[in-house]
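Following: one structure in structure tokens, then a few remarks.
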Amino acid sequence: MLIAGNNISFSYDFDGSSLALQNVDIRIEQGEFVAILGCNGSGKSTLVKHFNALLQLQQGELRVAQIDARNEKDIWYLRRLCGMVFQNPDQQFVSSVVEEEIAFGLENYETPRDEIPNRIQAALALVEMSGYAKRAPNTLSGGEKQRIALAGVLALEPEIIIFDEVTAMLDPNGRQEVVEIMHKLHGAGKTIIAITHYVEEAVAADKVILMHKGRVLACGGPRAILSDLDLMREAELIPPLPVRLYHDLRQAGVHLRHCPLTDEELVEEIWQLRSKI
Amino acid sequence: MAIKIENLSYSYLQPFGEKVEALKNVSCSIADGDFVGIMGHTGCGKTTLLQLLAGLRAPTSGQIYVNGEEINAKGYDKSSLRQTVGVVFQNPEYQLFATTVEKDVAFGLKHSGLSRQEVTARVQWALETMGFDFAKIRSQSPLALSGGEKRRVAIAGVLARKPEILLFDEPIAGLDPYGRENFLRFVGEINQAGTTVLMVSHNMEALAEYTKHLLVLEQGRLIDSGPTREVFVRLKQRKNGAFGQTKAQKIATLLAEVKLPLSSGVVTYADLLSALKQELTGGGRG
């Protein structure tokens, strides 16, 4: 088990009056692609910020790669193990040149000087931006900026990469670019934790953790969770279009055999039914 | 006519002298009370257009008329433009600063000449229009709210000044599905009450379901405009298929590929549902 948490509760208030997390249990395996799904304010970001000790555990237990997240002496190790990319790359850029931006984290971790250029190149190659080393971050598109922010994280060679609503501000093309890179990194053996409220981005995950009001509502395969109308309603999320269509067609007396999750499955189901009419 | 744009161009110089033409010869007009969507890839000039309309940038060439007056003409009173046009930029929640929600929303009314009671009434109206319980929210710190709530408070601050024309730059990016639906419903209501709305968005469903007209920008040029549904149908026929397609249109395309063509007018989810009902209950071609 790569990440194992029990009974985690957290409050941002001094007096602990309102809880951002309530008795959360969590299990994430090495190499898994986990989507954490929930509406604004459901506790998604609060939970993942515990994994790399951006937030200190207040209640409960949490082990990341067997390390107790409460141990302050291990904070830097955890931060390096667990890289995190945020919603707005503009807010985290510190340099006016892409390669310096990526070198920033490496220098902070005292990476030997002669190693840094290779690490920058490798990180840029991973996000398919090799030709951009000398560019200024502010001249890049939203999707490109997000990939540079990711390269900065990848240069530190983390085992776990957390994407905190990284696609929220991107146009459909930019979103597609970033999602493809997430899957490529997963394919290369990294553990991926993607926070999102785009249900479509959770469809291809190994596991979905559905959160609402600081609690885990459900945890399981994407099919079981995303096609459960009641559960999605409780989480204040809108199911993927094929799921909605399946249920709305049923109400009109049109019965597809199975509830589809993707557009391709939907088309297949409709085709099957149509060929019988 | 709320807004009229004639041959509008805007270009600027990059640090190393490279000239970027952000807008090229754009002309269009927007009627009073319209709800206009602006669509286009990142970098197509959408935000520049809004900034020009708000009078925050001056065009390189061309004219913009708001309520019949050219806003960049000599002697034009820009302060009246600030009154007429309200702008909500991307991530307006970063502008929140006051100690309470009520003070934050009231800030823009400071020199409006309204009495204290009138200001309170406006603030209450603006917050209620954005879906808040005024009594509950007024004394809370805006900084302690969730992301979606912060955004609605920031928009209430613009709304409180009762602009005739409201410009939104990506107002729903980053909001969750219920937040998006709520926001769009509120804006729809404001529009129903007579406010002209222009909204830049990457969300095709939002544009298809809520706007009346669409402007489509590509690399600074206005490549299409017209009633929303017609524009979506035309965009589907263009070669670069994925751009400007709703989810319902994408599914219709996939169905057509397996010899199950639906009407070309399928744009929204409701269109898709009713077309499929007809097709699959034997009501379609047999």
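Top line first, the protein sequences correspond to chains X and L.
Take the position in the first sequence, starting the count at 1, then add 52; the result is the number in my numbering.
Take the position in the second sequence, starting the count at 1, then add 764; the result is the number in my numbering.
Here a beta-carbon is modelled for each residue, glycine too, at the ideal position from N, C-alpha and C.
What residues of chain L sit near M136 (chain X), judged by a beta carbon separation below 8 Å? Near M136 (chain X) there are no residues of chain L at all, since even the closest Cβ is about 17 Å away, more than 8 Å.
Chain-ordered residues of the region 1013-1030 of chain L with a beta carbon less than 9 Å from chain X: K1014, I1015, L1018, L1019, E1021, V1022, K1023 and L1024
Against L962 (chain L), what residues of chain X qualify as contacts under a CB-to-CB distance less than 9 Å, listed in chain order? Near L962 (chain L) there are no residues of chain X at all, since even the closest Cβ is about 18 Å away, more than 9 Å.
First and last residue of the uninterrupted alpha helix (DSSP H) at I322 (chain X): D315 to K328
Which residues in the same chain have their Cβ closer than 7 Å to the Cβ of I892 (chain L), if we skip the five residues on either side of it in sequence? The sequence given here places Glu at residue 892 (chain L); Ile does not occur at that position. These residues qualify, in order along the chain: F898.
Could you check if G239 (chain X) is buried or exposed, using at least 16 other CB atoms within 10 Å of its CB as the buried criterion? exposed
Rounded separation between T806 (chain L) and G226 (chain X) - CA only: 9 Å
7 Å Cβ cutoff met for N92 (chain X) and G911 (chain L): It is a contact, given that the beta carbons lie within the stated cut-off.
Does the Cβ of I55 (chain X) have 16 or more other Cβ atoms within 10 Å, making it buried, or fewer, making it exposed? buried
Less than 7 Å separating the beta-carbons of G112 (chain X) and S61 (chain X)? yes
Compare the C-beta of I10 (chain X) against all C-beta atoms of chain L and say whether one is closer than 7 Å. It is not possible to answer for residue 10 (chain X), since the shown part of chain X is limited to 53 through 329.
Around the Cβ of T959 (chain L), are there at least 16 other Cβ atoms within 10 angstroms (buried) or fewer (exposed)? buried
Closest to I200 (chain X) by CA distance: which of X:I214, X:V230 and X:E211 is it? X:V230
Tell me the rounded alpha-carbon separation between G781 (chain L) and G183 (chain X). Straight-line Cα distance between these residues: approximately 21 Å.
Quick check on DSSP: helix, strand or coil for L1026 (chain L)? coil
Using a Cβ-Cβ cutoff of less than 6 Å, which residues in the same chain neighbour R115 (chain X) once the five nearest sequence positions on both sides are dropped? A56
Give me the Cα-Cα distance between L318 (chain X) and P274 (chain X), rounded to the nearest whole angstrom. The straight-line gap from Cα to Cα measures roughly 16 Å.
Thinking C-alpha only, which one of X:Q143, X:A105 and X:C271 is nearest K125 (chain X)? X:A105
Using the beta-carbon count (16 or more within 10 Å), is K914 (chain L) buried or exposed? buried
How many angstroms separate the CA atom of D841 (chain L) from the CA atom of I835 (chain L)? 8 Å
In terms of DSSP beta bridges, what is C134 (chain X) paired with? According to DSSP, C134 (chain X) bridges with X:I212.
Using the rule of at least 16 other Cβ atoms within 10 Å of the residue's Cβ for burial, across every protein chain shown, is Q108 (chain X) buried or exposed? exposed
Option nearest I767 (chain L) by Cα separation, candidates L:V961, L:L860, L:N855 and L:P935: When each option's Cα is compared against that of I767 (chain L), the closest is L:V961.
What residues in its chain sit with their C-beta under 7 Å from that of G1050 (chain L), if we drop five residues either side in the sequence? Note that G1050 (chain L) scores a pLDDT of 41, beneath 50, so its modelled location is shaky and nothing firm can be said.
Would you mind stating whether P906 (chain L) and L860 (chain L) have Cβ atoms separated by less than 7 Å? yes
Ignore the nearest five residues each way along the sequence and tell me which others in T864 (chain L)'s own chain have a CB closer than 7 Å to its CB. R902, S903, Q904 and S905
Label T1045 (chain L) either buried or exposed according to how many other C-beta atoms from any shown protein chain fall within 10 Å of its C-beta, with 16 as the threshold for buried. exposed
What does the Cβ neighbour count give for Y858 (chain L), buried or exposed, with the cut at 16 atoms within 10 Å? exposed
Expressed to the nearest angstrom, what Euclidean distance is found between the alpha-carbon atoms of E866 (chain L) and P935 (chain L)? Rounded to whole angstroms, E866 (chain L) to P935 (chain L) spans 21 Å at the Cα level.
What residues in the region 310-324 of chain X bring their beta carbon closer than 8 Å to a beta carbon of chain L? D315, E316, L318, V319, I322 and W323
In whole angstroms, give me the CA-to-CA distance for E288 (chain X) and A1012 (chain L). 22 Å
Which first and last residues belong to the beta strand (DSSP E) in which K867 (chain L) is found? In the DSSP assignment, K867 (chain L) falls outside any beta strand (DSSP E) and lies within the alpha helix (DSSP H) extending over V865 to A870.
Simplified DSSP assignment, three categories, for Q847 (chain L): helix
CA-to-CA distance, D280 (chain X) to S147 (chain X), given in whole angstroms: 46 Å
Quick one: is I329 (chain X) buried, meaning 16 or more other Cβ sit within 10 Å of its Cβ, or exposed? exposed
Using CA atoms only, rank isn't needed, just tell me which of L:S843, L:G801 and L:V784 is closest to Y776 (chain L). L:V784
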